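Numbering (the numbering used here), first residue to last: 8 to 263.
Data block below; observations after.
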Amino acid sequence: MPAPSDSAPTDAAAVSPAAAPAVPGATARTSDPRLDVLIVEDDSTIAGNLLDFLALRGHRPDVAYDGSAAIERLERDPFDVVVLDLGLPRVDGLDVIAAARQRLLLATPILVLTARDALEARLQAFALGADDYLAKPFALAEIEARALALHRRSTGSVVDAVIEAGELRFDRRTREATFRHRPLRLMARSVLLLERLMRRPGDLVERRELERALWPDGDGTPELLRGQIYLLRKVLQDAGHEGLETVHGVGVRLRR
Ligand code: CA
């Protein structure tokens, strides 16, 4: 990877000199998980530096150069972390966050890259569901450290990527659920509901908590939630699972 030059433009898009890996040819520590990272950045130099660095560190980075390409990639493939530049052509970074959270219902951690003085944009990004930010210019090593930290927080730990409740199994990376090793065909909100219930099998999970989890914007109603519970119960029953129990007016419990 070429070392960033001192004569490079010093605008907000430049990567800081500290961006170069401290040790040329450094490889990832084996204790860190390998992350699937989607880099969304229209500046090809920054995107290339990030891609090279993360690959060198043993991760599996991929790049989308504009907002609509990013949304397509997110729709198609599971990623562990998204590194997202806010200033993008066509569909901007804020729209990408909104699409990921509201339309695709993804919980994938999003690390936002912004200009140093872009407080308003950062606040908007957080309001839409971003998890962290870094101001440009940034050090590549810090991107990796933050991506790893976000990933740890989102999954609890690497082994927690898969959660189990009896013979139900849910992979939080691929967002796929199985019962007795058979895949369950679930709609996006059913996945969110099942995941929430599987975190605490045997516990009564309150309606309000479920509404917040399924409709983070506050659009949830008891009727909508009832509909989602009905849909999930139907899929589970068709698969031979009878463990979804509604306590009227209170909440839902996934039997162990
Ligand atoms: Ca940009």
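All residues carry an ideal CB built from backbone N, CA and C; glycine is no exception.
Every value quoted in this text rests on a predicted model; they were computed, and no experiment measured them.
Item                                                                                                                            : Value
Euclidean distance between Cα positions of A20 and G100                                                                         : At A20, the pLDDT of 40 sits below 50, so the modelled position is not reliable; the number obtained from the coordinates is stated separately. C-alpha separation (whole angstroms): 15 Å.
Contacts around G247, its chain only, beta-carbon distance under 8 Å, and the 5 residues preceding and following it disregarded : F186 and R187
Beta-carbon gap between D43 and R80 smaller than 8 Å                                                                            : no
Cβ-based neighbour list, Q235, same chain, cut-off 7 Å, excluding 5 preceding and 5 following                                   : R196, S197, L200 and L221
Cross-strand partners of K143 (DSSP beta bridge)                                                                                : A122
Status (buried if at least 16 other CB within 10 Å, exposed otherwise) for D138                                                 : buried
Residue burial classification, K241 (beta-carbon count within 10 angstroms, cutoff 16)                                          : exposed
From L58, E183, R159 and V47, residue whose alpha carbon lies closest to that of Y72                                            : V47
Length-filtered (4 minimum) alpha helix (DSSP H) runs lying within the stretch 47 to 83                                         : 51 to 63 and 74 to 83
Coil, strand or helix - V166 by DSSP                                                                                            : Residue confidence for V166 is low, a pLDDT of 49 falling below 50, so the modelled location carries little weight; the figure read from the coordinates is stated next. The answer is helix: DSSP assigns V166 an H, G or I state.
Sequence-distant residues of the same chain with beta carbon closer than 8 Å to L118, five excluded per side                    : V88, V89, V90, L91, A137, D138, D139, Y140, L141, I150, R153, A154 and L157
Best match in G74, A105 and Q109 for proximity to P96 [C-alpha to C-alpha]                                                      : G74
D92: CB within 7 Å of a non-hydrogen atom of ligand 1                                                                           : yes
4-residue-minimum alpha helix (DSSP H) runs that sit fully inside the stretch 196 to 246, ordered along the chain               : 214 to 221 and 229 to 245
Beta-carbon proximity of P208 to R263, cut-off 8 Å                                                                              : yes
Spatial distance of S51 from L130 (CA atoms)                                                                                    : 26 Å
Assigned secondary structure, V90 (DSSP; H/G/I helix, E/B strand, else coil)                                                    : strand
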